[in-house]
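Engineer: 1460 is the number that this note's numbering gives to position 191 of the sequence shown; each next residue is one higher, with no gaps.
One structure, as structure tokens, below. Some questions next.
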Amino acid sequence: MLSIPTVTLNDGVAFPELGLGTYKLQGPEGVAAIVAAIDSGYRLLDTAVNYENEGEVGEAVRTAGVDRAELLITTKIPGRHHGRAEALESTKASLALLGLDRIDLSLIHWPNPSVGKYLDTWRGMIDAREQGLVRSIGVSNFTAAMLTELIDETGVTPAVNQVELHPYFPQAELRAFHAVHGIRTESWSPLARRSELLQEQVLQEIAGTHDVTPTQVVLRWHTQLGSTPIPKSADADRQRENADVFGFRLTDDEVSAISALERGRLWDGDPDTHEEM
Ligand SMILES: NC(=O)C1=CN([C@@H]2O[C@H](COP(=O)(O)OP(=O)(O)OC[C@H]3O[C@@H](n4cnc5c(N)ncnc54)[C@H](OP(=O)(O)O)[C@@H]3O)[C@@H](O)[C@H]2O)C=CC1
Ligand SMILES: O=C(O)C(=O)[C@@H](O)[C@H](O)C(=O)CO
């Protein structure tokens, strides 16, 4: 079984350096894919109310042959549940769907700034943590300005900010802000879903040097940047390939060459303007 190392979050929780994205993993095939990932060594699972698969994630947790205490289940509060009381209700509904008595990491999925409720939502998540419903609390798709507002207004720094991050969009400035504030970066679409990333010549060359695949080069790049990637794969062999990235190390020049692929977001997911309910 693969062993995925952990880092310590600002609340003391040991957090895997790589996890499984579950967007689109649904139904019996979705459960089987998530069980396969757990059985091969994944311990961090990323779901969301809006993925409509919290039931599948919970079933996989109960089916896999691993102690619940070893697993970290992330879910996310959708835009339509913003607000202090609503965030608490959303958390309870997620717990019921997951069939669990605690969520390991709860995130605000998108800030939806025009709605103006992400600060209240954050207060509701602090309540949920105080009530023992959630162990760690964090956010997703937050800018440095939004993070600053949460910290200044509540004194509680998010443990994690899950953001779009891949070689086409390395997020150097936001990662530097996270480092200063002790916020763990998590990379969504780490393989740049729906793109030609894996065909890039520089990745093919570096992969040849280390006798690994371009996918493994990209995921190792994330971990060496200090971010936790959550690649999604429905296939057990690709899941193992994706998690088997801790046996080699990229040089600083290789990390820089991969970061030089920067060209921007995959689609128009700018959190200042893109909103999801
Ligand atoms: N917070 C947010 O706003 C967002 C969060 N997310 C989270 O991030 C996760 C990952 O992002 P996602 O958008 O799914 O994209 P990824 O970058 O993880 O790419 C997933 C795609 O890559 C394919 N793939 C996976 N492994 C390999 C491999 N080794 N070789 C070739 N192809 C591979 C998968 O196909 P196959 O399954 O067939 O292997 C799938 O088509 C999501 O599942 C979700 O949990 C995503 C978007 C936004
Ligand atoms: O996957 C997620 O977490 C999302 O927020 C998605 O809705 C994402 O925005 C997307 O897939 C857009 O095409």
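Cβ coordinates follow ideal geometry from the N, Cα and C atoms, glycine included.
1. Within 10 Å of its beta-carbon, does residue 1386 have 16 or more other beta-carbons around it, so buried, or fewer, so exposed?
2. Identify, in the order they occur along the chain, each residue of the same chain with its Cβ nearer than 6 Å to the Cβ of residue 1475, setting aside the five sequence neighbours on each side.
3. Given a cut-off of 8 Å on the beta-carbon distance, is the pair residue 1351 and residue 1384 in contact?
4. Who are the Cβ neighbours of residue 1382 in its own chain at under 7 Å, not counting the five residues just before and after it?
5. Report all residues from its chain with a CB closer than 7 Å to the CB of residue 1398; omit the five preceding and five following residues, and keep chain order.
6. Say the cut is 7 Å; is the CB of residue 1372 nearer than that to a heavy atom of ligand 4?
7. Can you check which of these residues, 1280, 1290, 1278, 1317, is closest to residue 1512 by C-alpha distance?
8. Could you pull out every residue in the same chain whose Cβ sits closer than 7 Å to the Cβ of residue 1392, ignoring the five residues on either side in sequence?
9. Would you say residue 1407 touches ligand 2, meaning its beta carbon is less than 7 Å from a heavy atom?
10. Is the closest heavy atom of ligand 2 to the C-beta of residue 1545 under 7 Å?
11. What are the boundary residues of the alpha helix (DSSP H) that residue 1412 is part of?
12. If residue 1294 and residue 1302 are in contact, beta carbons under 8 Å, what's the gap, nearest whole angstrom?
13. In terms of residue numbering, what span does the beta strand (DSSP E) encompassing residue 1456 cover?
14. Comparing the CB of residue 1348 with every heavy atom of ligand 2, is any distance shorter than 7 Å?
15. Are the beta-carbon atoms of residue 1494 and residue 1437 separated by less than 8 Å?
16. What first and last residue would you give for the alpha helix (DSSP H) that runs through residue 1361?
17. Can you tell me where the alpha helix (DSSP H) holding residue 1470 begins and where it ends?
18. Would you give the residue range spanned by the alpha helix (DSSP H) that residue 1539 belongs to?
Structural biologist: By the coordinates alone:
1. buried
2. 1486, 1523
3. yes
4. 1541
5. 1406
6. With respect to ligand 4, the structure shown offers nothing to examine, as its ligands consist of ligand 1 and ligand 2.
7. Here the closest residue by C-alpha is 1290.
8. Apart from sequence neighbours up to five positions away, the residues of its chain that approach residue 1392 with a beta-carbon distance below 7 Å are 1353, 1423, ordered along the chain.
9. no
10. yes
11. Residue 1412 -> no alpha helix (DSSP H), and no H or E assigned at all.
12. 5 Å
13. 1453–1457
14. no
15. no
16. Counted as a single uninterrupted DSSP element, the alpha helix (DSSP H) harbouring residue 1361 occupies residues 1353–1367.
17. 1470–1479
18. Taken as a continuous stretch (DSSP letters only), residue 1539 belongs to no alpha helix (DSSP H), as it is neither H nor E.
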